[in-house]
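Participant: The listed protein sequences correspond, in order, to chains A and B. Residue numbering for the first sequence follows the working numbering, starting at 34 and increasing by one per position. Residue numbering for the second sequence follows the working numbering, starting at 19 and increasing by one per position. Heads up, the beta-carbon is just placed ideally off N, CA and C, and yes, glycines get one too. In this text the structure is predicted, and so the values were computed from the model without any measurement.
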Amino acid sequence: MTDAATASVRQAEPAPSVAWLRERLTPTSVIPMALVASLLIGAGDFVTGVDVAFTLLYVFPIALGTWYRDRRFGWILAVLCATLSAAAEVGWRLEHRGHVRFFWLFWNHGGSLGIFVLCVEVLHRLRAYVENERLGRRRVIEQLRHAERLNVVGKLAAGVAHELGTPLNVISTAAELLDADAPASPMTHASCRMIIEQSGRMAAIIRQLLDFGRRGGSDRSTTDLVSLVESTIALMRPLARKRHVELSLAVPKQSVAAAVNRLEIGQVLSNLVLNAIQAMPNGGRSVVRLDVERERGSEVAVLSVSDEGNGIRPEDVPRVFDPFFTTKDVGEGTGLGLSVTYGIVSDHGGRVNVETEWGHGSCFTVVLPLRAARPSSPRSERHRRVREAPQDGRVPEASQNQGDFPDGRAGVK
Amino acid sequence: MTQDAFDRPTSDARRPPRVLVADDSAEQRWTLRLALSMMGFEVTEAADGRELFWAIEGLERHPATEPELVIADVYMPVYNGLDALGAWSEGGQRHPLIVITAFPDEVLRRRVADLGAFLLAKPFKLAALARTVRLALRRARASSS
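Below, the structure written as C-alpha cells:
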C-alpha cells in the first residue's frame with residue numbers, strides 16, 4: 034500500500050488529455066461539477082430507464098482501485114465498467130425490445146464514463162494530497178527529533194568537555210613537572226612525554242566537542258562569502274591534487290555579504306571539502322557551489338559541496354551529524370567534523386542538509402541567512418530570550434541569574 | 019622552570035612575589051602551586067569565588083611594592099571567578115590577572131578582555147603558563163611605572 038502510495042505521489046505529470054481538467058479540479062470546484070454531472074446522469078437515467086444505482090455500483094470499485102492502486106488503474110476500471118454497462122444495455126435492449134437507440138446509449142454511458150473519470154481524478158488528487166501531507170509531517174517530526182537529539186548530545190558533550198578539562202590539565206601539568214624534575218631516568222622522561230602528548234590529543238578532541246556543544250556568541254563581522262570560499266578552496270587544492278580529486282568551484286560574480294565568523298565558516302567549508310576528498314579514495318570530481326537564493330521572503334546563501342564517492346548508507350544518514358559517528362578508517366577522522374559543522378552552522382542560524390544516494394555520491398548543503406544575522410552580543414541575546422518568554426508572569430531562567438552566560442549555561446557550578 | 023620569579027627587581031629580593039591561585043579543584047591548585055613555586059613565586063590559594071574575593075581583599079590590605087598576580091578559574095562554587103574579579107576591578111584595583119578555563123568561548127573571551135586579563139585555556143603547557151605569567155607581570159609593571 035505504501036509503495037503504491039509513493040508511486041502515485043511520484044507520478045506527478047498528468048496525462049496531456051486531462052491536463053485542462055486537472056488544473057480546474059480542486060477540492061472545492063469538484064462539488065458543483067459532481068452535482069451537475071449527477072443531475073445529467075439522473076436525467077439520462079430517467080429518459081433511458083436505466084437505474085442510477087447501476088452507475089453507483091461501478092463507482093465503488095473504481096474509487097477503491099484509484100485510492101489503493103493509482104490513477105491509471107482507476108481509469109482502466111472506469112473504461113471497463115462503462116463498456117460493460119453499455120454492453121449489458123445493448124444486450125438487454127436487443128433481447129427485450131429488439132432495437133438500440135444509439136443516442137441514448139451515448140448519452141447515458143458517455144455520461145457515466147465522465148463521472149467515473151472525474152471520480153478517478155478527484156480521488157487521485159485527494160490521495161496525493163493526503164500522502165504529501167503525511168510525508169511532510171513525518172519529515173518535520175524527523176527533523177525536530179534529530180535537532181532535539183543533537184541538542185541534548187551537544188549539552189552532554191559540553192558538560193563532559195568542561196568536567197574533563199581540569200583533570201586533564203592536572204595530568205599534563207603534573208607530567209611536565211615530573212619531567213622537569215632534574216635527575217629523571219630516560220624511561221621516566223619518555224613516559225612523561227607520552228602522557229603529555231596523549232593528554233594533548235585528548236585536549237584537541239575536547240576542543241572540538243566544545244565547538245559542537247557551544248551555543249551562541251561567536252564574533253561575527255560582515256564578510257564576503259565569495260572570497261572566503263575561494264581562499265578556503267585554494268588552501269584545500271594541494272591535498273585534493275595529491276588525492277587525484279578535481280575541485281571545481283562555482284561562485285557568483287558579485288560579492289555575497291553575510292555576517293559570519295570568518296574562521297568558523299572557513300572551518301565548515303574545509304570540513305565538508307575534506308570529507309568529499311576522503312569519500313573518493315580513487316579520485317574523482319568535487320563541486321563546490323555558492324548561490325544566493327530567496328527563501329520565505331529573505332535571502333539565504335546556499336553553499337554546497339558534492340562528491341562522486343560511495344555516498345552514505347541509508348541507515349547511516351540520520352547519524353552523520355552525531356559526535357563520534359564515523360565511517361572513515363581508524364586514524365582518518367574522529368567523527369567530530371560534521372558535528373562541529375552542524376554546531377557552527379546552527380549557531381549562525383542556518384542549517385545543513387545532506388542528499389545522498391548509496392553508490393552515487395553525496396551532496397552537503399549549508400544554508401546561511403544573509404540579512405537577519407542573529408545578534409551575538411550578550412545583551413541583545415538576553416533581551417531576545419526575555420522577549421521569547423511565555424507571557425504568564427514567569428521570569429525566564431536566563432534573566433534570573435545575572436552571573437550566567439547568555440546561552441543558559443550556569444555561570445556558577 | 020629554571021627561571022626565577024620573572025624579572026624580579028633587586029630592591030625587593032628577599033621576599034618572593036606572591037601569586038594568588040583560585041581554583042575549585044584541589045589537584046589543580048596543587049599542580050599550579052608546584053609549578054609556580056618552581057618559578058620562584060610564593061603561592062596563596064583560594065578554593066572558590068568567595069575565598070578569591072576575600073583573598074584579594076587580603077592582598078589589598080597588605081600592599082607590596084610588587085604587582086601581585088591573580089590566577090583564577092572561571093567555574094567555581096559560590097561566585098564565579100569572573101564575577102569575583104569583576105567586583106574588584108570595578109573598584110579600580112589593578113592586579114595582573116590570568117583567567118584559566120576549560121571552556122573558552124567567545125563570550126568568555128570578551129569578558130576576559132573587558133577585565134584586561136589574560137586568558138589561558140585548559141589544558142595548558144607549563145611553558146604557556148610561564149609565558150602568560152611573564153606577560154601579565156610585564157604589562158602590570160609597565161602600567162604602574
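Rounded to whole angstroms, what is the Cα-Cα separation between Val-153/A and Asn-141/A?
Facilitator: Straight-line Cα distance between these residues: approximately 18 Å.
Participant: Give the range of the beta strand (DSSP E) segment to which Leu-401/A is assigned.
Facilitator: That run of the beta strand (DSSP E) goes 395 to 402.
Participant: Would a C-beta distance cut-off of 9 Å place Glu-297/A and Val-284/A closer than the cut-off?
Facilitator: Not in contact: Glu-297/A and Val-284/A (Cβ atoms no closer than 9 Å).
Participant: Please state if the CB of Asp-91/B and the CB of Asp-42/B are separated by a distance shorter than 9 Å.
Facilitator: Their beta carbons are under 9 Å apart, which means Asp-42/B touches Asp-91/B by this criterion.
Participant: By how many angstroms is the C-alpha of Arg-167/A removed from the C-alpha of Glu-230/A?
Facilitator: Rounded to whole angstroms, Glu-230/A to Arg-167/A spans 53 Å at the Cα level.
Participant: Can you name, in chain order, every residue of its own chain whose Cβ lies under 6 Å from the Cβ of Glu-63/B, other than the five neighbours on each side?
Facilitator: So the qualifying residues of the chain are Val-39, Arg-47.
Participant: Of the residues Glu-328/A, Thr-389/A, Val-385/A, which one's Cα is nearest the Cα of Gln-176/A?
Facilitator: The shortest Cα separation from Gln-176/A among Glu-328/A, Thr-389/A, Val-385/A belongs to Val-385/A.
Participant: Give the range of the beta strand (DSSP E) segment to which Asn-98/B is assigned.
Facilitator: Here Asn-98/B belongs to no beta strand (DSSP E), and DSSP marks it neither H nor E.
Participant: Compute the Euclidean distance between the alpha carbons of Leu-369/A and Gly-187/A, then round it to the nearest angstrom.
Facilitator: Between Leu-369/A and Gly-187/A, the C-alpha separation is close to 11 Å.
Participant: What would DSSP say about Phe-136/B, mapped onto helix, strand or coil?
Facilitator: Residue state, collapsed to three classes: strand.
Participant: Hey, out of Ala-154/B, Ala-160/B, Pro-141/B, whose CA is closest to Thr-49/B's CA?
Facilitator: Cα-wise, what sits closest to Thr-49/B is Pro-141/B.
Participant: Quick one: grab the DSSP three-state call for Arg-384/A.
Facilitator: Strand at Arg-384/A.
Participant: Checking contacts by CB at 9 Å: is Glu-230/A closer than that to chain B?
Facilitator: For Glu-230/A, the answer is no, since every Cβ of chain B falls outside 9 Å of its Cβ.
Participant: Thr-221/A and Leu-211/A: beta carbons closer than 9 Å?
Facilitator: Yes; because the gap between Cβ atoms is below 9 Å, this pair is in contact.
Participant: What are the boundary residues of the alpha helix (DSSP H) that includes Ser-264/A?
Facilitator: Ser-264/A -> alpha helix (DSSP H) spans 258 to 275.
Participant: Give the residues of chain A in contact with Ser-55/B, contact being defined as C-beta atoms less than 7 Å apart.
Facilitator: Neighbours of Ser-55/B on chain A: none; closest Cβ ~10 Å, over 7 Å.
Participant: Taking Asn-315/A as the reference, give the member of Val-92/A, Lys-275/A, Ala-334/A, Ile-345/A with the closest Cα.
Facilitator: Comparing Cα-Cα distances from Asn-315/A to each of Val-92/A, Lys-275/A, Ala-334/A, Ile-345/A, the minimum goes to Lys-275/A.
Participant: Would Leu-147/B be called buried (16 or more neighbouring beta carbons within 10 Å of its own) or exposed?
Facilitator: Under this definition Leu-147/B is a buried residue.
Participant: Hey, could you find the ends of the beta strand (DSSP E) Asp-324/A is sitting in?
Facilitator: Where Asp-324/A is concerned, the enclosing beta strand (DSSP E) stretches over 317 to 328.
Participant: Output needed for Leu-144/B: all residues of its chain with C-beta closer than 6 Å, excluding positions within five of it in sequence on either side, in chain order.
Facilitator: These residues qualify, in order along the chain: Ala-53.
Participant: Just the chain A side, please: which residues come within less than 9 Å of Ala-120/B by C-beta, in chain order?
Facilitator: Going along chain A in sequence order, the residues near Ala-120/B (Cβ under 9 Å) are Ala-194, His-195, Glu-196, Leu-197, Gly-198, Thr-199, Leu-201, Asn-202, Ile-239, Leu-243.
Participant: Going straight from the alpha carbon of Thr-449/A to that of Thr-359/A, what length do you get?
Facilitator: There is no way to answer for residue 449/A, as the model of chain A reaches only from 34 to 446.
Participant: Taking Cβ-Cβ distances shorter than 7 Å, what residues in chain A pair up with Thr-49/B?
Facilitator: Result: Val-203, Thr-206, Ala-207, Leu-210.
Participant: Using a Cβ-Cβ cutoff of less than 6 Å, which residues in the same chain neighbour Ser-205/A once the five nearest sequence positions on both sides are dropped?
Facilitator: Taken in chain order, the residues that qualify are Ile-229, Ser-232.
Participant: Mapping DSSP to helix, strand and coil, what is Val-92/B?
Facilitator: Coil, per DSSP.
Participant: Find the residues of chain B that neighbour Ala-334/A, judging by a C-beta separation of less than 8 Å, and give them in chain order.
Facilitator: The premise fails here: Ala-334/A is roughly 22 Å from chain B at the closest Cβ pair, so nothing lies under 8 Å.
Participant: Which residues, taken in chain order from the stretch 132 to 145 of chain B, show a beta carbon closer than 9 Å to some beta carbon of chain A?
Facilitator: Answer in chain order: Ala-139, Lys-140, Pro-141, Phe-142, Lys-143, Leu-144, Ala-145.
Participant: Can you grab the Cα-Cα spacing for the pair Thr-265/A / Ile-310/A, in whole Å?
Facilitator: Approximately 14 Å, taken between the alpha carbons.
Participant: Helix, strand or coil for Leu-58/A? Go by DSSP, reduced to three states.
Facilitator: Note: Leu-58/A maps to coil in three-state DSSP.
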